[in-house]
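Residue numbers (our numbering), protein chains in the order written: chain A, 1 to 340; chain B, 341 to 665. A virtual CB, placed ideally from N, CA and C, is assigned to each residue, including glycine. See structure below.
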């Protein structure tokens, strides 16, 4: 139960509630006593699910009524029609319950079961839904699922482009949309693997451009910074690597497409030093600078005096961060104490 | 109607015990009936909170065991309530409850093992929640935790299970519900916990993920589950347990979180809510209490961050600690 305000009802209101609910409880318990695969039982499940869309056993029962009762031996057009009606029902019930796993679950089943699912319409619907709540992860998950079904009817390149345009639109509406940044992190490796060298350079430049413009628009927002860190990559030997390839993503340094990584990092340090002059208390800018110094130490062979100089910078930044962001002071202390 | 706004800066243990005991006595409310699919889960949440607060006896042991037994199906799985359908989530809850009560022999363990292992997809290593086939890393955790508690991990393909979890890893070091899905603190608890159970924590990028997790703490001391979302008491568990498993619990501010969780208590009727001023429920009560326990709140028993059970239960079972301190 989330976000329901606590109020203490008066004795009178409490009595009225009990009387009203007594009737509903009786009705509800009667509904539950029916176990036949009939039209009547089907309508009862509709009533119960309106009261409680998380009652998974009722969704299961409803599917069984369709499979073993109403749609058993039904002709194709009737199956299509009934399951289309089911999708309408799901859309209605979704309006008041946008976070129920079971509603999406049933929608998957309907579409997988119907003779002619309209995936393009599903994509349209889910994108509408993400206009209402641009961070609903059920919505993003469902959109990825629908897209995986569109592979058969759309060119892979067009699909990727649709995704690129969609996430870009979402970010233009709100740079803080972490879900959209996340989606781009899934998309970019696919785009790059299909592209020629010029395209790769263009794509990666564009990506850095989008991340930077988000950072400059609101340096206090963590979403773009996290994405920027990922683009910049990390030195593989700084990450505990298990020796297989299944989680290569965090160690891929996409930035190398742009050029020599250590030269780029050195340039980035200069750039963020300038930003810091304007935004002296930006903890994200400070953390990024600290990270860039660390990375530079590993990306390039340095002599002792250079290492010392960078470590001094890092210690200085840690001290500032401990003051600015005292809640996480112990993390900065750990970083400072573990410098090599 | 008046809004109750009093807060307390100590954990109101007696009040919460009474609140949990009262949950089964609200049969004249519609809510009691329309939440019956959560009944078995509610027993796990309530009993764990009670045990951590040193009041495990507040629920009658024989009643609890008999109720859990009544939820087991011939195929070995457990349902959320009597006459509901079996599901992996409730199967784990049943095992957890029985271990708290030290009564696992009251049910057919071999059947449970069979039910859980049949839900693994042989191709991908993922776990389905039930026969309808939904896939989610929550179910990977449920299966690994359940079989580990029953000491029967041999019944499944562990490397495949790990491979699937790693496909759900993201650019920020976190994990999502399925490959491609966004990182979320709840899923991170599931994936990090599951990897801890099968000794695969070396696959987790602890520095990056630990950073992401500690950034979940907001100015008011509460934790959120994803960037730019609201704080919520239940993340005191999902975020903290993962940080604790990674040995980075000190990266958040303990006192501020204590303050936040305690301010979400219902000081009149007991229980803890998602955030101050909201309706309390048993789900937020247990995760609030468990979070406080992880941070060493005085007077509480210690909780195990991997299994989300009181630590003494894990020790009694003879299972190793699978986390750093």
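Taking 8 Å as the limit between beta carbons, can you name the residues of its chain near residue i, skipping five residues before and five after?
i, result
"residue 82 of chain A", "66, 70, 71, 74"
"residue 63 of chain A", "106, 109"
"residue 479 of chain B", "428, 429, 459, 466, 467, 468, 469"
"residue 3 of chain A", "none"
"residue 258 of chain A", "201, 204, 205, 208, 264"
"residue 192 of chain A", "200, 203, 204, 254, 257"
"residue 324 of chain A", "281, 283, 286"
"residue 380 of chain B", "407, 408, 411, 418, 419, 420, 421, 430, 433, 434, 437"
"residue 228 of chain A", "208, 211, 212, 215, 288"
"residue 377 of chain B", "420, 421, 424"
"residue 333 of chain A", "318, 322"
"residue 462 of chain B", "497, 500"
"residue 9 of chain A", "17"
Within 10 Å of its beta-carbon, does residue i have 16 or more other beta-carbons around it, so buried, or fewer, so exposed?
i, result
"residue 436 of chain B", "buried"
"residue 662 of chain B", "buried"
"residue 68 of chain A", "exposed"
"residue 417 of chain B", "buried"
"residue 656 of chain B", "exposed"
"residue 35 of chain A", "exposed"
"residue 156 of chain A", "exposed"
"residue 177 of chain A", "buried"
"residue 442 of chain B", "exposed"
"residue 483 of chain B", "buried"
"residue 244 of chain A", "With a pLDDT of 44 at residue 244 of chain A, under the threshold of 50, the modelled position of that residue is not reliable, and the figure given next carries that caveat. Under this definition residue 244 of chain A is an exposed residue."
"residue 343 of chain A", "This structure gives no information on residue 343 of chain A, because the portion of chain A shown stretches from 1 to 340."
"residue 498 of chain B", "buried"
"residue 248 of chain A", "The predicted model places residue 248 of chain A with a pLDDT of 47, which falls under 50 and marks its position as unreliable, so this point remains unresolved."
"residue 294 of chain A", "buried"
"residue 571 of chain B", "buried"
"residue 426 of chain B", "buried"
For residue i, list the residues DSSP reports as bridge partners.
i, result
"residue 398 of chain B", "Paired residues: none, contrary to the question."
"residue 329 of chain A", "DSSP, once it has assigned bridges, lists no residue as partnering residue 329 of chain A."
"residue 133 of chain A", "Looking at the DSSP assignment, residue 133 of chain A forms no beta bridge with any residue, so it has no partner."
"residue 366 of chain B", "None, per the DSSP bridge assignment."
"residue 5 of chain A", "B:618"
"residue 569 of chain B", "Note: residue 569 of chain B sits in no beta bridge, so no partner."
"residue 509 of chain B", "B:515"
"residue 419 of chain B", "B:426"
"residue 468 of chain B", "B:475"
Report the CB separation of residue i from residue j in whole angstroms; it is logged as a contact under 8 Å.
i, j, result
"residue 217 of chain A", "residue 175 of chain A", "6 Å"
"residue 457 of chain B", "residue 405 of chain B", "Not really, about 24 Å apart at Cβ, beyond 8 Å."
"residue 138 of chain A", "residue 160 of chain A", "With 8 Å as the limit, residue 138 of chain A and residue 160 of chain A do not qualify as a contact, their Cβ atoms being about 23 Å apart."
"residue 602 of chain B", "residue 563 of chain B", "The Cβ separation is near 14 Å, so there is no contact."
"residue 26 of chain A", "residue 368 of chain B", "At roughly 11 Å, the Cβ-Cβ gap does not stay under 8 Å, so residue 26 of chain A and residue 368 of chain B are not in contact."
"residue 561 of chain B", "residue 593 of chain B", "7 Å"
"residue 504 of chain B", "residue 464 of chain B", "5 Å"
"residue 42 of chain A", "residue 49 of chain A", "That belief does not hold up - the Cβ atoms of residue 42 of chain A and residue 49 of chain A are roughly 11 Å apart, past 8 Å."
"residue 140 of chain A", "residue 173 of chain A", "No, residue 140 of chain A and residue 173 of chain A are not in contact; Cβ-Cβ is about 15 Å, not under 8 Å."
"residue 487 of chain B", "residue 447 of chain B", "Between residue 447 of chain B and residue 487 of chain B the Cβ distance is about 15 Å, and since that is not below 8 Å, they are no contact."
"residue 370 of chain B", "residue 610 of chain B", "Not really, about 21 Å apart at Cβ, beyond 8 Å."
Starting from the C-beta of residue i, find all residues in its chain whose C-beta is less than 6 Å away, skip the five residues before and the five after it, and write them out in chain order.
i, result
"residue 639 of chain B", "none"
"residue 395 of chain B", "357"
"residue 59 of chain A", "102, 106"
"residue 242 of chain A", "Legend: pLDDT at residue 242 of chain A = 45, less than 50; position of this residue unreliable, no value from coordinates given."
"residue 507 of chain B", "519"
"residue 641 of chain B", "392, 650"
"residue 273 of chain A", "none"
"residue 604 of chain B", "573, 612, 613, 615, 616"
"residue 512 of chain B", "523, 552"
"residue 492 of chain B", "453"
Which same chain residues, not among the five before or five after residue i, have their C-beta less than 7 Å away from its C-beta?
i, result
"residue 311 of chain A", "339"
"residue 146 of chain A", "119, 122, 123, 126"
"residue 104 of chain A", "138, 142"
"residue 591 of chain B", "550, 554, 583"
"residue 115 of chain A", "76, 79, 80"
"residue 623 of chain B", "385, 574"
"residue 439 of chain B", "489, 649, 653, 657"
"residue 646 of chain B", "533, 536, 537, 585, 662, 663"
"residue 476 of chain B", "469, 517, 518"
- Message: For the region 141-160 of chain A against the region 539-554 of chain B, do three or more pairs of beta-carbon atoms, one drawn from each stretch, fall closer than 8 Å, so that the two count as touching?
- Response: no
- Message: Is it the case that the region 298-305 of chain A contacts the region 546-558 of chain B, given that we only count it when at least three CB pairs across the two stretches are under 8 Å?
- Response: no
- If you pair each beta-carbon of the region 510-528 of chain B with each one of the region 572-579 of chain B, do three or more pairs fall below 8 Å? yes
- Message: Any contact between the region 348-362 of chain B and the region 616-633 of chain B? By contact I mean 3 or more CB pairs, one from each, below 8 Å.
- Response: yes
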